[in-house]
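A.B. asks: Can you keep this structure in mind? I'll have questions shortly.
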Amino acid sequence: MNTTPLRLVGFTMNHALLRHLGPIVFGCALAACTQPDSSPTAPTGADAHPTPTAEIPTLLVQAAADHPNLTLSARVTYAEDGFSRISSPLEGPVLDVRVKLGQTVKAGDILMVIDAADIAKAYAAYVEEISELGLAERNYELTKDLYDAQAMSRKDLEHAENDLNRERAEFKQAKERLLSLRVPAEELSKPLDQQQITSRFALRSPLTGTVVERNVTPGQMVGPDTASPLFTVADLRRLQVIADVYERDLSGIRVGSIADMTVEAYPGLTFPAAIAVIGDVVDPATRTIKIRASVSNDSGRLKPEMFARLMLAGRGGGPTFMIPRQAVVERSGKQWVIVRHDQDRYEERAVVIEGVVGSQVTVLEGLSAGERIVLTPSQIKRLTATGASTEGA
Numbered sequence: 276m277n278t279t280p281l282r283l284v285g286f287t288m289n290h291a292l293l294r295h296l297g298p299i300v301f302g303c304a305l306a307a308c309t310q311p312d313s314s315p316t317a318p319t320g321a322d323a324h325p326t327p328t329a330e331i332p333t334l335l336v337q338a339a340a341d342h343p344n345l346t347l348s349a350r351v352t353y354a355e356d357g358f359s360r361i362s363s364p365l366e367g368p369v370l371d372v373r374v375k376l377g378q379t380v381k382a383g384d385i386l387m388v389i390d391a392a393d394i395a396k397a398y399a400a401y402v403e404e405i406s407e408l409g410l411a412e413r414n415y416e417l418t419k420d421l422y423d424a425q426a427m428s429r430k431d432l433e434h435a436e437n438d439l440n441r442e443r444a445e446f447k448q449a450k451e452r453l454l455s456l457r458v459p460a461e462e463l464s465k466p467l468d469q470q471q472i473t474s475r476f477a478l479r480s481p482l483t484g485t486v487v488e489r490n491v492t493p494g495q496m497v498g499p500d501t502a503s504p505l506f507t508v509a510d511l512r513r514l515q516v517i518a519d520v521y522e523r524d525l526s527g528i529r530v531g532s533i534a535d536m537t538v539e540a541y542p543g544l545t546f547p548a549a550i551a552v553i554g555d556v557v558d559p560a561t562r563t564i565k566i567r568a569s570v571s572n573d574s575g576r577l578k579p580e581m582f583a584r585l586m587l588a589g590r591g592g593g594p595t596f597m598i599p600r601q602a603v604v605e606r607s608g609k610q611w612v613i614v615r616h617d618q619d620r621y622e623e624r625a626v627v628i629e630g631v632v633g634s635q636v637t638v639l640e641g642l643s644a645g646e647r648i649v650l651t652p653s654q655i656k657r658l659t660a661t662g663a664s665t666e667g668a
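Residue 276 is where the sequence shown starts when you use the working numbering, and the numbers rise one by one after that.
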């Protein structure tokens with residue numbers, strides 16, 4: 276009589292156990308089916324000690340997005356060697372101003388004339404030294420003749436020679452003084468009675484260009500210590516534009532690159548500008564580097580101090596690739612990556628890198644989309660020893 280209840284209980288207990296153990300048993304069976312066979316296989320041939328591919332992380336190379344155009348705020352200015360701020364090296368009243376604002380001048384043209392008392396004083400000293408030098412030369416010749424005739428002592432001859440050397444030095448000093456006052460050397464080389472040297476000093480333009488600044492009038496006293504330049508002459512046919520570039524944008528800029536420049540005065544009109552100078556110093560306050568681009572201004576439309584925009588096109592060319600910096604190996608002044616081929620074949624390949632952005636580098640040459648590179652080249656330093664073939668090493 277007790278048998279039936281026991282079976283029922285037993286039956287009930289069996290179903291309960293199955294209900295709880297069923298998922299566990301199914302999970303174990305599934306794990307057993309999906310677990311890879313860990314039994315070792317006999318190594319053969321070159322793959323006697325292969326490097327496990329799964330342990331070497333790789334990256335699929337994909338083309339980077341096109342570089343966007345870079346637009347910079349800029350300012351038009353004079354070319355560095357195309358303008359001159361001119362002051363008078365001499366002191367004196369202005370007798371005549373020969374040029375007007377906006378006038379075109381050539382190199383050597385007279386800008387103004389001043390009455391320089393320093394020239395008159397220096398020339399008087401020069402004429403006096405000519406006389407003194409002539410006297411010393413005649414005295415030396417006479418003393419030498421008398422010494423040769425044993426009518427003068429050796430001491431007298433040496434004294435006359437010393438006087439001659441002193442007068443020669445003083446004459447040279449007087450001549451150099453006139454030359455420093457811009458008296459023409461060819462005028463001083465003439466005989467004294469043919470020299471035409473006056474106190475009038477002509478201030479001349481050092482270059483061909485346009486008078487863009489004039490701060491002098493007749494009768495004004497001028498001199499080397501004048502606070503502002505008297506004239507500014509600039510070549511307006513060639514100008515430059517200055518812009519500030521952030522560090523992150525500097526890698527795409529090269530001397531000689533062509534940019535498009537625009538100004539508000541001429542909407543829709545672009546002026547080609549060639550990058551001429553890339554600064555060597557970063558401004559610590561703005562973290563920018565100054566660049567200069569040369570622009571032709573034969574039309575005369577551009578004016579110094581105009582605000583402008585400088586647009587540098589995306590770096591273009593072939594496709595570029597962004598890869599982690601850690602995947603690049605530096606050796607012998609070149610950069611290398613390790614490309615993985617099928618069947619555990621590896622190739623060490625030289626690449627051309629443009630710049631570093633954080634932990635990424637831009638590769639310009641050496642890779643193609645779809646290739647795989649090793650992320651940690653240090654893991655396969657001994658690929659040959661472990662059996663995987665390495666090409667191009």
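Every residue, glycine too, gets a C-beta built ideally from N, C-alpha and C.
Report yes if the C-beta distance between valine 530 and alanine 548 is below 8 Å; otherwise report no.
C.D. replies: It is not a contact, given that the beta carbons lie outside the stated cut-off.
A.B. asks: Is glutamine 635 helix, strand or coil by DSSP?
C.D. replies: Reduced to three states, the DSSP call for glutamine 635 is strand.
A.B. asks: Looking only at its own chain, which residues have a Cβ that is under 7 Å from the Cβ of arginine 576, when we skip the five neighbours before and after it?
C.D. replies: Excluding residues within five positions, the ones whose Cβ falls inside 7 Å are Tyr541.
A.B. asks: List in chain order: all unbroken alpha helix (DSSP H) runs of 4+ residues lying wholly within the region 393-461.
C.D. replies: As far as the region 393-461 is concerned, its whole alpha helix (DSSP H) runs of at least 4 residues are 429-455.
A.B. asks: Is the beta carbon of arginine 584 sitting closer than 8 Å to the one on threonine 352?
C.D. replies: Against a cut-off of 8 Å, the Cβ pair of threonine 352 and arginine 584 comes out as no contact.
A.B. asks: Under the rule that 16 or more other beta-carbon atoms within 10 Å means buried, what is valine 369, buried or exposed?
C.D. replies: So valine 369 ends up on the buried side.
A.B. asks: Return the residue from the list Ser464, Tyr521, Leu639, Arg620 that minimises the CA-CA distance to isoleucine 331.
C.D. replies: Of the candidates Ser464, Tyr521, Leu639, Arg620, the one whose C-alpha sits nearest the C-alpha of isoleucine 331 is Arg620.
A.B. asks: Around the C-beta of threonine 669, are 16 or more other C-beta atoms found within 10 angstroms, so that it is buried, or is it exposed?
C.D. replies: In the structure displayed, the chain extends from 276 to 668; residue 669 sits before or after that span and is not available.
A.B. asks: Evaluate contact between the region 417-426 and the region 448-465, counting only Cβ atoms and requiring at least three cross-stretch pairs below 8 Å.
C.D. replies: Flag = no, the region 417-426 and the region 448-465 do not touch.
A.B. asks: Please state the DSSP three-state secondary structure of aspartate 573.
C.D. replies: The answer is coil: DSSP assigns aspartate 573 none of H, G, I, E or B.
A.B. asks: Residues bridged to tyrosine 521 by DSSP?
C.D. replies: DSSP output for tyrosine 521 lists Thr563 as bridge partner(s).
A.B. asks: For the beta strand (DSSP E) containing valine 336, list its first residue and its last residue.
C.D. replies: Segment: none, valine 336 is in no beta strand (DSSP E) and carries neither H nor E.
A.B. asks: Reducing DSSP to helix, strand and coil, say where alanine 588 ends up.
C.D. replies: If DSSP states are grouped into helix, strand and coil, alanine 588 belongs with coil.
A.B. asks: Quick check: the region 508-526 against the region 553-573, are there 3 or more CB pairs under 8 Å?
C.D. replies: Taking 8 Å as the limit for Cβ pairs, the verdict is that the region 553-573 does touch the region 508-526.
A.B. asks: Tell me whether the beta-carbon of isoleucine 361 lies closer than 8 Å to the beta-carbon of leucine 505.
C.D. replies: Contact: yes.
A.B. asks: Take every Cβ of the region 405-416, pair it with every Cβ of the region 437-444, and state whether three or more of those distances are shorter than 8 Å.
C.D. replies: Yes, they touch.
A.B. asks: For isoleucine 655, name the three-state secondary structure that DSSP assigns.
C.D. replies: Helix, per DSSP.
A.B. asks: Okay, do the region 379-397 and the region 609-628 touch, 3+ Cβ pairs below 8 Å being the bar?
C.D. replies: With the cut-off at 8 Å, the region 379-397 and the region 609-628 do not touch.
A.B. asks: Is arginine 647 near valine 336, with beta carbons less than 8 Å apart?
C.D. replies: A contact, by the Cβ cut-off of 8 Å.
A.B. asks: Whose C-beta lies closer than 7 Å to the C-beta of alanine 392 among residues of the same chain, with five residues either side of it excluded?
C.D. replies: Around alanine 392: Gly367, Ser474.
A.B. asks: Measuring only the C-alpha atoms, how far is valine 374 from valine 388?
C.D. replies: Spanning the two alpha carbons is a distance of roughly 11 Å.
A.B. asks: Count the other CB atoms, across all protein chains shown, that sit within 10 Å of the CB of isoleucine 528; report buried if there are 16 or more and exposed otherwise.
C.D. replies: By the 10 Å Cβ count, isoleucine 528 comes out buried.
A.B. asks: Decide if methionine 536 is buried, meaning its Cβ has at least 16 other Cβ atoms within 10 Å, or exposed.
C.D. replies: By the neighbour-count rule (16 or more Cβ atoms within 10 Å), methionine 536 is buried.
A.B. asks: Give a yes or no on whether the C-beta atoms belonging to isoleucine 564 and valine 520 are separated by under 8 Å.
C.D. replies: In contact: isoleucine 564 and valine 520 (Cβ atoms closer than 8 Å).
A.B. asks: Grab me the residues of glutamine 495's own chain with a C-beta within less than 6 Å of its C-beta, minus the 5 sequence neighbours each way, in chain order.
C.D. replies: Counting only Cβ-Cβ distances below 6 Å, and skipping sequence neighbours, we find Val369.
A.B. asks: Pick helix, strand or coil for glutamate 330, following the three-state DSSP scheme.
C.D. replies: Correct three-state label for glutamate 330: helix.
A.B. asks: Between threonine 651 and glutamine 601, is the Cβ-Cβ spacing less than 8 Å?
C.D. replies: Yes, the pair counts as a contact, with Cβ atoms nearer than the cut-off.
A.B. asks: Starting from methionine 581, trace the beta strand (DSSP E) in both directions and tell me its first and last residue.
C.D. replies: Taken as a continuous stretch (DSSP letters only), methionine 581 belongs to no beta strand (DSSP E), as it is neither H nor E.
A.B. asks: For my contact list, valine 458 and isoleucine 394 are in at a C-beta cut-off of 8 Å; report their separation, rounded to the angstrom.
C.D. replies: Confirmed, Cβ separation roughly 7 Å.
A.B. asks: The beta strand (DSSP E) that contains arginine 600, what's its start and end?
C.D. replies: No beta strand (DSSP E) holds arginine 600; DSSP gives it neither H nor E.
A.B. asks: For valine 497 versus serine 363, is the C-beta distance shorter than 8 Å?
C.D. replies: Taking 8 Å as the Cβ cut-off, valine 497 and serine 363 qualify as a contacting pair.
A.B. asks: Please return the same chain residues whose Cβ sits closer than 8 Å to the Cβ of valine 557, not counting the five positions on each side in sequence.
C.D. replies: So the list reads Glu522, Thr563, Ile564, once near-sequence residues are dropped.
A.B. asks: Please look up how many angstroms separate the CB atoms of leucine 453 and tyrosine 398, rounded, as I've assumed it's under 8 Å.
C.D. replies: So it is a contact: roughly 6 Å between Cβ atoms.
A.B. asks: Quick one: what does DSSP say serine 526 is sitting in, helix, strand or coil?
C.D. replies: Here serine 526 sits in helix by DSSP.
A.B. asks: Looking at C-alpha atoms only, which residue of Thr507, Ala518, Thr637, Arg350 is the closest neighbour of glycine 377?
C.D. replies: Glycine 377 has its Cα closest to that of Thr507, out of Thr507, Ala518, Thr637, Arg350.
A.B. asks: Can you find the residues in the same chain that come closer than 7 Å, C-beta to C-beta, to alanine 518, ignoring five residues on each side of it along the sequence?
C.D. replies: Within the same chain, alanine 518 has close Cβ partners Leu347, Ser348, Ala349, Ile566, Leu585.
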